[in-house]
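A.B. asks:
Residue numbers (the working numbering): 8 to 422.
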């Protein structure tokens, strides 16, 4: 708690110093200088970005996708975005990040291209487009506001960052093996488990592939074919020779009856096991025997200062030897702007596991049912600077560590 208070004091002092320096005008001028266009307006390009400084005070093992064995973690992140257009139909976007890993970790700083894709409108009114490259999934609605400036929280919702007992590097041969990986009492989880386990959806899932995007009247239809499943880890998202051998097909059908409401149905079908892991199976099997199916529903509402968002995902992992393993995860979040510069956000999420039959014929859960509540105030100090705090309390059933606390702070400079 002392370290967290010191970190919060440091963040508040840094925010006050930057804000007091009056950088808004300079950043506005820099933004104008980083925007180029041809005289006729047919070609345009813009470079923008965010500089984030995050601090975490956590219990071990940590909640979500925080890869450290320490009780505190400092994570700087520089994100650069390039958006370019050619004519009325062609659009290119690139996202490059420098940080300590796609998910915050204790590793050293590295530079990585998270997104690079080209989109081309195939009809004059741009209602249908084709997109090729490495980009965020079309599934769900959290991806639309997952970046630090737009997201009212620092960490992702439960379906996107809560690890299940499932491994992608070794095939599970039975329910008993999975329950061993889940560490039911008296067994205790370790940091090494985090490096092997996968969630239902891994963050925004910047996998490589092609997408068909449709927009007409109040409907949207998005389909994508990618090289990795929704649960796959970031190291598997880059282009590879195996791109089309076991593709993942996902999609979303959205409907917006008016400016306040939007909703959508999502689906996905892909292989969750890594290609080299199939050699570890006890019996000769193909990768297609280890599939992940996902069905999701999302809902969003916005009216004046209130924004509400919710998503629910039902997933099934096919595990030869253990059967079909099901799980259900959802979250509900609301944010309200109580003052011109202050927004308060509250989020509730759960992950519930289905049951399967073990070797003795007993029906047992294959994971720990998990609940989490997040509270986050955000101070928009200027058009370019914001300070965000978050407290999260997580509860796991049938676990050696029932309650888990997380405190976090994030200072974001946008340019």
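C-beta: ideal position from N, C-alpha, C; glycine also.
Do three or more CB pairs link the region 155 to 174 to the region 341 to 359 at distances below 8 Å?
C.D. replies: The region 155 to 174 is in contact with the region 341 to 359.
A.B. asks: First and last residue of the alpha helix (DSSP H) that includes residue 232?
C.D. replies: Residue 232 -> not in any alpha helix (DSSP H); beta strand (DSSP E) instead, spanning 226 to 233.
A.B. asks: Just to confirm the assignment, what range does the alpha helix (DSSP H) spanning residue 77 have?
C.D. replies: Run containing residue 77: none; DSSP gives neither H nor E here.
A.B. asks: Looking at the unbroken alpha helix (DSSP H) that takes in residue 200, where does it start and where does it end?
C.D. replies: Counting along the chain, the alpha helix (DSSP H) containing residue 200 begins and ends at 198 to 201.
A.B. asks: Would you kindly report the start and end of the unbroken alpha helix (DSSP H) that includes residue 167?
C.D. replies: From DSSP, the alpha helix (DSSP H) with residue 167 extends over 165 to 168.
A.B. asks: Please check if any C-beta of chain C sits within less than 7 Å of the C-beta of residue 400.
C.D. replies: Included in the structure is just one protein chain, with no chain C present.
A.B. asks: Report back the beta-carbon spacing between residue 90 and residue 119 to the nearest angstrom; my notes put them in contact at under 8 Å.
C.D. replies: Incorrect: roughly 19 Å between the Cβ atoms, too far for contact.
A.B. asks: In terms of residue numbering, what span does the beta strand (DSSP E) encompassing residue 374 cover?
C.D. replies: Segment: none, residue 374 is in no beta strand (DSSP E) and carries neither H nor E.
A.B. asks: When you compare only the Cα positions, how much space is there between residue 59 and residue 419?
C.D. replies: Answer to the nearest angstrom: the Cα atoms are 5 Å apart.
A.B. asks: Could you work out which residue in 34, 328 and 63 is closest to residue 80 when comparing CA atoms only?
C.D. replies: Nearest of 34, 328 and 63 to residue 80, Cα basis: 63.
A.B. asks: Would you call residue 265 buried or exposed, if buried means 16 or more other Cβ atoms sit within 10 Å of its Cβ?
C.D. replies: Exposed, by the Cβ-count rule.
A.B. asks: For residue 51, which three-state DSSP category applies?
C.D. replies: In the structure shown, residue 51 sits in a strand (DSSP, three-state: E or B).
A.B. asks: Could you spell out where the alpha helix (DSSP H) holding residue 182 opens and where it closes?
C.D. replies: Where residue 182 is concerned, the enclosing alpha helix (DSSP H) stretches over 182 to 189.
A.B. asks: Distance check for residue 416 and residue 395, CA to CA, integer angstroms please.
C.D. replies: Near 6 Å, if we compare the C-alpha coordinates of residue 416 and residue 395.
A.B. asks: Does DSSP classify residue 312 as helix, strand or coil?
C.D. replies: DSSP places residue 312 in coil when its eight states are reduced to three.
A.B. asks: Rounding to the nearest angstrom, what Cα-Cα distance links residue 346 and residue 314 in this structure?
C.D. replies: Residue 346 and residue 314: Cα-Cα distance of roughly 14 Å.
A.B. asks: Just mark residue 106 as buried or exposed, buried being the case when its beta carbon has 16 or more other beta carbons within 10 Å.
C.D. replies: That one is buried.
A.B. asks: If you drop the 5 nearest sequence neighbours on each side, which residues of the same chain put their C-beta closer than 6 Å to that of residue 196?
C.D. replies: Taken in chain order, the residues that qualify are 68 and 190.
A.B. asks: Are there 16 or more other CB atoms within 10 angstroms of the CB of residue 388, so buried, or fewer, so exposed?
C.D. replies: Under this definition residue 388 is a buried residue.
A.B. asks: Among 204, 186, 57 and 41, which has the Cα closest to the Cα of residue 176?
C.D. replies: Residue 204 is the option with its Cα nearest to residue 176.
A.B. asks: Could you compute how far the alpha carbon of residue 309 sits from the alpha carbon of residue 368?
C.D. replies: Going by the C-alpha atoms only, they are around 49 Å apart.
A.B. asks: What residue range does the alpha helix (DSSP H) around residue 106 cover?
C.D. replies: Per DSSP, residue 106 belongs to no alpha helix (DSSP H); it is in the beta strand (DSSP E), 97 to 106.
A.B. asks: Report yes or no: do three or more beta-carbon pairs, one from the region 251 to 263 and one from the region 221 to 235, lie closer than 8 Å?
C.D. replies: These segments touch.
A.B. asks: Specify the secondary structure class of residue 331 as computed by DSSP and reduced to three states.
C.D. replies: Residue 331: strand per DSSP, three-state reduction.
A.B. asks: In this structure, does DSSP put residue 292 in helix, strand or coil?
C.D. replies: Residue 292: coil per DSSP, three-state reduction.
A.B. asks: Pick helix, strand or coil for residue 150, following the three-state DSSP scheme.
C.D. replies: Correct three-state label for residue 150: helix.
A.B. asks: Determine which residues share a DSSP beta bridge with residue 270 and list them.
C.D. replies: The partner list for residue 270 (beta bridge, DSSP) reads 262 and 306.
A.B. asks: In this structure, what does DSSP give as the bridge partners for residue 141?
C.D. replies: Answer is 123 and 215, bridged to residue 141.
A.B. asks: Could you say if the region 363 to 377 and the region 400 to 408 meet the contact criterion of at least three C-beta pairs nearer than 8 Å?
C.D. replies: Judged by Cβ distances under 8 Å, the region 363 to 377 makes contact with the region 400 to 408, as three or more pairs qualify.
A.B. asks: Taking three-plus beta-carbon pairs below 8 Å as touching, is the region 92 to 102 in contact with the region 125 to 142?
C.D. replies: With the cut-off at 8 Å, the region 92 to 102 and the region 125 to 142 touch.
A.B. asks: For residue 82, collect the residues of the same chain with a Cβ closer than 6 Å to its Cβ; drop the 5 residues on either side in sequence, then sort them by chain order.
C.D. replies: So the qualifying residues of the chain are 61, 107 and 111.
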